[in-house]
Each structure stands twice: as C-alpha cells, then as structure tokens.
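Contents: one structure, followed by commentary.
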Amino acid sequence: MAVCLFGASSAFADLPSIRFDRLHPMGASAGTSVEVEVQGSDIEDLIGLVFDQSGLTAEPIADKANWFRINVAGDVPVGTYDVYLSGRFGVSNPRLFAVTRGLVDVLDNGDNRTTETAQVIEINTAVNGLADGNAEDVYRFFAQTGRRVTIDCQAQRLDSQLDGVLTLTTIDGRILATSSDYYGRDPFIDFLVPVDGEYLLRVNDLSYRGGQPYRLVVSDQPQVENVFPAAIQAGMTVELAALGRNLAPIGGAPSNLIEGDLPLEQLRFSFTSPADVLSLGEYQFRDHPTHHSVLPTAATCTLTGLQAAVPGVESLWSFPTILVSPHPVLIEQEPNDAAEQAQQVSLPLVVAGRFESLQDADWFELQVPADGNYVFNVYCERIAGRADPYVAIVDDDGNRVNEFDDFGHRVNAFDGHLRDPSQEVSLQAERTYKVLVQDRYRRGGPRYHYVLEVVPAVRDFHAAAIHRSNPNPGGTTIFKGAATYMDIVIHNLGEAGSEITITADNLPAGMHVPPTTINNDTRGTLVMWADEDAADWTGPIRLIATMDVEGRSVQRLVRPYTRVANNDGTSQVSRKLMVAIRERAPFDLRIEPAEVEVVAGQSAELTLLAHRMWSDATNAITVQPHQFSGNFQLGNFDVVPDAASMPFTINVQPGTRPGRYTLTVLGQSQVPFNKDPAATDRPNTLVATPARPVTIVVKPADQ
18 MAVCLFGASS
28 AFADLPSIRF
38 DRLHPMGASA
48 GTSVEVEVQG
58 SDIEDLIGLV
68 FDQSGLTAEP
78 IADKANWFRI
88 NVAGDVPVGT
98 YDVYLSGRFG
108 VSNPRLFAVT
118 RGLVDVLDNG
128 DNRTTETAQV
138 IEINTAVNGL
148 ADGNAEDVYR
158 FFAQTGRRVT
168 IDCQAQRLDS
178 QLDGVLTLTT
188 IDGRILATSS
198 DYYGRDPFID
208 FLVPVDGEYL
218 LRVNDLSYRG
228 GQPYRLVVSD
238 QPQVENVFPA
248 AIQAGMTVEL
258 AALGRNLAPI
268 GGAPSNLIEG
278 DLPLEQLRFS
288 FTSPADVLSL
298 GEYQFRDHPT
308 HHSVLPTAAT
318 CTLTGLQAAV
328 PGVESLWSFP
338 TILVSPHPVL
348 IEQEPNDAAE
358 QAQQVSLPLV
368 VAGRFESLQD
378 ADWFELQVPA
388 DGNYVFNVYC
398 ERIAGRADPY
408 VAIVDDDGNR
418 VNEFDDFGHR
428 VNAFDGHLRD
438 PSQEVSLQAE
448 RTYKVLVQDR
458 YRRGGPRYHY
468 VLEVVPAVRD
478 FHAAAIHRSN
488 PNPGGTTIFK
498 GAATYMDIVI
508 HNLGEAGSEI
518 TITADNLPAG
528 MHVPPTTINN
538 DTRGTLVMWA
548 DEDAADWTGP
558 IRLIATMDVE
568 GRSVQRLVRP
578 YTRVANNDGT
588 SQVSRKLMVA
598 IRERAPFDLR
608 IEPAEVEVVA
618 GQSAELTLLA
628 HRMWSDATNA
638 ITVQPHQFSG
648 NFQLGNFDVV
658 PDAASMPFTI
668 NVQPGTRPGR
678 YTLTVLGQSQ
688 VPFNKDPAAT
698 DRPNTLVATP
708 ARPVTIVVKP
718 ADQ
C-alpha cells in the first residue's frame with residue numbers, strides 16, 4: 018500500500034522564481050548545434066542556460082528573445098541531460114535535452130498536415146516536431162523489403178506533455194501499425210518492411226492538443242528493450258543477454274521471445290558491475306528513467322543500481338537498468354507455476370525472473386535462518402519492467418501469512434508511489450514458506466521481467482530532496498541574507514528508526530547548510546541560506562545522508578528530484594542538485610539558540626530574531642511551525658510590525674524518542690514589490706521564508 022504523506026503547507030505568492038515550461042527542439046546529434054526556444058514564467062532578464070554535462074554550452078541568439086544556440090561537443094555521450102534557465106530570479110527546474118549519434122536532425126516544416134504535403138524524411142532521421150491543435154503531422158519515407166525500422170515518438174520521456182499517437186500506413190492509406198502507450202505515454206512501432214516503397218507516418222496528440230514538442234526518430238539502429246538478468250552482484254563480471262531489435266549487425270542472434278508480432282533478437286555480452294555503487298547507495302544513469310510509467314515518477318528513489326551500456330548500441334533508452342546487490346544473483350527456473358512446483362531458494366535471496374507468458378505465476382520455497390523480520394522487495398517498475406507485481410506468502414499449513422502490493426511515499430512535490438511491492442514481514446525459523454510473485458493482471462512477455470529480493474531486515478535507507486514548490490515545477494534559489502528550504506524524503510529499510518543527518522559539500526563562499534537531523538521519520542526540512550554579501554552564483558551542491566548503525570556509519574547520496582508538470586503526480590530524478598544565489602531578500606529569520614537540550618515532556622524556550630533588510634519590509638510577520646512531527650507543538654504567532662524579535666515556546670510531548678531533531682518555522686509577511694526596481698507602484702506580495710533552524714536534543718524524562 019502506498020504511504021501518502023501530503024502535509025499542510027502554506028500557499029504564498031512569494032518573490033519571483035523561474036519556472037521552465039518548454040524547450041524546443043528537445044535534442045541534437047553530438048558534434049552539432051541547434052537553435053532552441055525556451056518558454057516559462059519569470060524568465061525576464063535571462064542570463065543563459067546551465068547544463069549538467071560539460072560538453073553542452075549555449076549562447077543567446079541576437080534579436081530573438083528567449084532563443085539560444087546549444088552546442089553539443091562531439092565527445093558528449095548519447096543520453097539525456099538536464100538543462101536549466103538561469104536569470105535574475107535564480108535557477109529554474111530542469112528540462113531534458115537528448116543527445117544522439119548517427120541520426121540526421123531535421124525540423125518539422127510546419128506544412129505537413131496532409132498526405133499531399135507530407136514531409137519527406139529518410140531512415141535514421143530525428144524530426145524535432147511541434148504538434149498542432151486539431152491536426153496531424155504527416156511524414157513520408159522510403160524503405161526496402163526486409164529492413165527492420167523502429168519508429169519512436171519521444172515526448173513524455175523528454176518532459177513534453179504530448180500524449181502521442183503513431184499511425185503507419187501504405188502510400189494509399191492502408192493501416193500497417195498503430196501505437197500509443199508503449200514507453201509510458203510515448204508510442205513506438207517496430208516495423209518489418211514488407212515491400213520496397215514509400216510509407217506514410219502520422220503523428221498526433223491523443224486529444225489533438227497543440228503546442229507540445231516531440232522528437233520523432235525513424236531508425237534502423239540497434240535498439241535494446243531490456244537485459245536479463247536485471248541484477249548483478251557488486252564487483253562481479255557476468256554474462257548478460259540484451260533483448261532488442263537490429264542487434265544482428267553487432268553480433269546478435271534470433272531469440273524465441275516475441276514482442277508484438279515480431280521476434281526480438283538477443284545479444285550476449287560481458288558486464289562488470291562497479292563496486293562503488295553500493296558505498297553511497299547510488300543510481301547511475303545515462304538516460305533519465307522517464308519511460309517506466311505513464312507519468313514520470315520518483316520510482317528509482319529506492320533503487321541502488323545503474324544503467325548498463327550494451328556494446329555497439331547508442332540509441333536513447335537502450336541503456337537498461339540493473340539492480341546492484343551485495344548478494345549473489347540466482348535465475349528463476351521454470352516450471353514454478355504452482356505452489357507444488359516452487360523453486361527452492363535460500364537467503365539472502367536475489368533472484369531474477371520474468372513472467373514468460375499470460376497467466377505465468379512464479380513460486381519460490383524458502384526457510385529463514387532465525388526468527389525475525391525480513392524485507393521482501395520486487396523490483397519491476399524500478400528496472401523499467403512492465404508488470405504490476407504483487408507478493409503473497411503462504412506458510413507450510415497453507416495459511417496466507419501476508420500479501421502486499423504498491424508502495425512509496427508522496428510528500429508535497431515529491432511522488433515516489435510505484436507499482437513495486439516492498440514490505441517487512443515477520444517469519445519463523447521452524448516454518449517453510451512459499452512465496453508467489455505474479456502480475457496483478459496476469460500479463461506476460463519479454464518486457465515483464467523483475468527481481469525478487471528477500472533479505473534480513475537491517476537498518477538502511479534511501480534519501481531524496483526536492484524543491485519547495487508545490488505542486489508546480491520549481492528551482493532552488495536563495496535570496497541573499499535569508500533562507501530557503503528543500504523537502505527531504507526518507508524511505509527507511511529494515512529496522513527503521515535511527516537518526517539520519519544531512520550534510521552538504523561543494524558549497525560556494527557565503528552559502529550555509531547546517532547539519533540537519535531527521536529522527537525516526539519519513540520526511541524533514543533542509544534549510545539553506547546565503548550571507549547578505551554573498552556573490553551571485555549558480556551551480557551544483559551535493560547532499561550526503563548519514564546514519565549510525567551499531568557504531569557503523571552508513572552514508573547515502575541524497576538524490577535530487579524535480580516536479581515535471583503542474584498539478585499532477587510527476588517527479589523526476591536529476592544528476593545534480595542545482596542552486597542559485599541572487600539579490601537581497603526582504604527579511605530574514607533565525608532561531609536562537611541554534612541548539613537546545615530539552616527533557617521529554619517539557620518545553621524549549623526560544624527566541625525568533627527578525628532582520629528586515631528592505632527599509633519598507635516593516636509589516637507583521639506571521640509565524641507557523643513548518644512540517645513539525647506530532648511530538649512537537651507550537652501555535653502560530655506574529656512578530657509585530659517593526660519588531661526585531663519574539664520569544665516563543667516549543668512543547669516536547671511526553672514519550673518523545675530521545676535524540677536530535679532539527680526544526681524550523683515559516684514566516685510570512687506582506688512586502689512591497691515590483692519586478693521593475695524603478696517602478697513607484699509596488700503592490701504588497703506575500704513572501705515566505707523559513708527561519709534558520711534549531712536542533713532540539715531530547716533527553717529521557719528520567720534525566
């Protein structure tokens with residue numbers, strides 16, 4: 018069951034914050050340049066574009082507002098990259114930009130709405146298109162008999178809102194293939210050319226909406242669907258089998274697996290997993306994992322692994338995801354369709370399987386070495402599998418011990434809900450258990466692969482960070498002299514409950530991120546601020562989360578995420594946490610003392626200091642607790658106009674777990690503001706800022 022954690026948060030206008038809504042075109046070939054248009058809000062006074070890849074640069078195009086020329090160096094690897102807008106009001110949310118190789122880039126000519134005006138393209142072309150309302154884009158291409166052509170309309174996977182539909186016909190209009198939701202909402206056609214000739218390809222939005230970009234790739238390049246097994250023990254070298262299309266020219270061979278009406282080819286290759294993936298619990302990727310669901314989600318926030326490069330393959334979304342585990346990996350063995358045929362396994366268990374066909378059910382039989390709690394994980398959506406699996410556990414008396422399904426946190430702008438089951442289950446050593454893994458809808462085929470993990474419950478966690486904007490996309494900008502915050506989301510594993518401390522590195526001069534402790538919770542607030550005299554800056558920082566487990570320090574990279582679209586459940590991972598420092602804030606809040614000890618059941622006496630940096634920021638500041646857990650109580654209060662401080666009390670409830678807790682409050686005030694600094698009309702704008710935090714060290718009541 019999903020854990021829904023939408024908390025109460027303030028709605029406020031706030032100072033302007035750049036929002037990046039659309040990039041078009043959304044890609045280019047390595048070694049080329051492309052002119053792109055950017056759209057968004059609060060994008061006046063743009064400075065430029067910022068990338069997470071050093072081989073990408075951009076310069077503005079003279080006399081064309083909000084147009085840039087992106088230059089792609091010849092050595093930039095094939096993949097997707099984050100592009101940010103940087104301007105007067107900080108740094109935006111990212112949008113994706115695709116880098117390809119071996120394709121000719123062309124633009125939708127804008128006049129291809131009918132069969133008669135169809136735009137002529139060649140195979141191995143990437144068309145940067147823009148859907149028109151109530152219309153289709155029509156393309157014409159020539160293909161030879163026996164050639165296997167893949168037609169891939171990339172939209173959702175590149176942050177476009179297009180819900181694409183593809184229709185392939187003969188020149189006289191006979192339909193050969195159609196597609197809609199293949200990779201999430203994006204359509205894909207696998208086409209074996211029946212006869213030499215010209216073919217027509219139509220692209221439209223499902224609802225015939227206009228204005229949304231797409232990148233249409235018509236190609237006979239090698240393409241990979243997935244690899245098997247999709248799990249590997251860290252530091253080991255194994256043979257993997259890639260399934261895909263057009264693999265024969267690079268050493269592939271036919272397989273007996275069919276997707277749609279055509280068999281997939283198989284390419285075996287040797288792969289070595291880097292051992293360092295485990296040290297910080299990372300997920301390393303070439304393509305952003307945007308194709309596993311009909312909406313981009315934060316599904317991979319609980320996956321430790323990487324995307325593998327298949328030798329000879331450089332197509333987008335052909336870098337399959339692999340779970341990296343400290344344990345050996347088994348392969349599911351058929352027949353195991355019934356409980357009586359259960360495959361016998363032992364713990365710790367990591368087994369790679371596939372629902373081979375419709376109605377396929379996979380049973381496993383196991384015993385545990387000791388009474389206790391064990392974590393059951395099925396990785397499917399997280400490794401781009403198409404199944405919606407569930408798990409059922411039956412004991413040796415035939416009693417169903419447990420059954421579970423979807424999981425994942427939803428916190429403000431962060432949506433980590435996913436189809437994969439994950440749960441901690443109490444088992445007994447003297448019993449024999451049978452475990453069923455099956456797709457909820459009994460589907461099967463080569464795209465329905467998964468990994469089942471069963472391990473003793475030990476303390477571990479995954480951590481994620483996302484910008485404060487809710488529910489819309491946003492960046493992280495600090496206005497000088499004041500603070501901002503990010504939501505921290507924790508997925509605890511095993512025996513949860515330890516303190517997790519977030520620290521930051523790679524900070525510029527004048528920027529501060531104090532150690533922040535999240536105690537026995539799934540969420541927290543990370544506050545960061547900049548000195549009043551800090552220089553303007555835009556760049557990446559890194560967050561590390563640390564937990565002490567029986568004297569052993571466990572560190573995990575805090576993965577940055579962003580909301581993709583307005584008002585829907587979309588979250589997407591980024592490679593870097595991009596932050597900007599910009600002009601001076603109207604006021605700043607800080608809590609003193611910065612750390613205080615309190616006995617559970619008593620109160621912390623604190624003072625809120627208000628520093629008003631704008632001469633006209635004199636109005637009252639309304640203060641409220643910001644995402645407090647239930648163990649801490651504080652009522653709303655005001656810092657009266659012109660006041661510089663206000664005492665307040667945080668009550669610590671009896672029974673509060675001893676330890677460190679980092680808390681902050683949110684202050685809101687009406688501030689005169691106009692984007693034009695020379696304007697005399699400055700209407701009030703409600704500005705919100707968190708206070709620099711306090712760490713409350715809770716002591717047991719007997720102390």
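Numbers in this note's numbering are just positions in the sequence shown, counted from 1, shifted up by 17.
Don't be surprised by glycine CBs; every beta carbon is placed ideally from N, CA and C.
If you're wondering where the values come from, they're calculated on a predicted model, not measured in any experiment.
{"Item": "Stretch-stretch touch, CB-based, cutoff 8 angstroms, three pairs: the segment 75–94 with the segment 144–160", "Value": "no"}
{"Item": "Entirely enclosed alpha helix (DSSP H) segments - the segment 42–125, minimum 4 residues", "Value": "none"}
{"Item": "For R580 and E420, the rounded distance between their alpha carbons", "Value": "32 angstroms"}
{"Item": "Given N110 as reference, the closest of E351, S34, Y300 once Cα atoms are compared", "Value": "S34"}
{"Item": "Proximity of L444 and W380 at Cβ, strictly below 8 angstroms", "Value": "no"}
{"Item": "Residue closest to A482, alpha-carbon to alpha-carbon, out of S591, L383, Y450", "Value": "S591"}
{"Item": "Cβ-Cβ distance between N509 and T539 below 8 angstroms", "Value": "yes"}
{"Item": "Buried versus exposed call for A562 [16 or more other C-beta atoms within 10 Å across all chains shown]", "Value": "buried"}
{"Item": "Nearest-angstrom beta carbon gap, L625 and M663 [assumed within contact, 8 angstroms]", "Value": "5 angstroms"}
{"Item": "Selection from Q644, I410, G425 that minimises the alpha carbon distance to N653", "Value": "Q644"}
{"Item": "Classification of N145 by the beta-carbon crowding that lies within 10 angstroms, buried from 16 upward", "Value": "buried"}
{"Item": "Collapsed DSSP secondary structure at Q358 in the structure displayed", "Value": "helix"}
{"Item": "The segment 684–704 / the segment 623–638 touching (three or more Cβ pairs under 8 angstroms)", "Value": "yes"}
{"Item": "Per-residue DSSP class, three states only, for A292", "Value": "helix"}
{"Item": "Where Q178 falls, given that 16 or more other Cβ within 10 Å makes a residue buried", "Value": "buried"}
{"Item": "CB of A5 within 8 angstroms of CB of D388, strictly", "Value": "Any question about residue 5 goes unanswered here, given that the chain covers just 18 to 720."}
{"Item": "Touching by the beta-carbon criterion (3+ pairs, under 8 angstroms), the segment 196–209 and the segment 166–182", "Value": "yes"}
{"Item": "Which residues DSSP lists as bridging A258, in chain order", "Value": "F245, R285"}
{"Item": "K692, buried or exposed, once every other Cβ within 10 Å from all chains shown has been counted against 16", "Value": "exposed"}
{"Item": "For D655, the three-state DSSP class (helix, strand or coil)", "Value": "strand"}
{"Item": "R629 and F604 closer than 8 angstroms at C-beta", "Value": "yes"}
{"Item": "S27, buried or exposed, once every other Cβ within 10 Å from all chains shown has been counted against 16", "Value": "Annotation note: pLDDT 38 at S27 (below 50); position unreliable, coordinate value reported separately. S27 should be labelled exposed."}
{"Item": "Identity of the residue in P717, Q589, L63 nearest F302 by Cα", "Value": "Q589"}
{"Item": "Length of the line joining the Cα atoms of L73 and P488", "Value": "30 angstroms"}
{"Item": "Given A369 as reference, the closest of Q376, S342, N390 once Cα atoms are compared", "Value": "S342"}
{"Item": "Exposed unless 16 or more other CB atoms sit within 10 angstroms - verdict on I713", "Value": "buried"}
{"Item": "Close beta carbons around R699, own chain, < 7 angstroms, minus the five adjacent residues each side", "Value": "P689, F690, N691"}
{"Item": "Nearest-angstrom beta carbon gap, F114 and G44 [assumed within contact, 8 angstroms]", "Value": "6 angstroms"}
{"Item": "Where C170 sits in the DSSP three-state scheme", "Value": "strand"}
{"Item": "Start-to-end residues for the beta strand (DSSP E) that takes in G676", "Value": "676–680"}
{"Item": "Nearest to S236 (by Cα), restricted to the options F245, R164, L185, G228", "Value": "R164"}
{"Item": "Neighbour-count burial assignment, A25, 16 or more Cβ in a 10 Å radius", "Value": "In this prediction, A25 has a pLDDT of 36, which is less than 50 and means its spatial position is unreliable; what the coordinates show is noted afterwards. Classification of A25: exposed, given that the 10 Å Cβ count is below 16."}
{"Item": "Check whether P239 and S332 have beta carbons under 8 angstroms apart", "Value": "yes"}
{"Item": "Range covered by the beta strand (DSSP E) that runs through S588", "Value": "588–590"}
{"Item": "Among A718, N390, T493, the one whose alpha carbon lies nearest that of Y578", "Value": "T493"}
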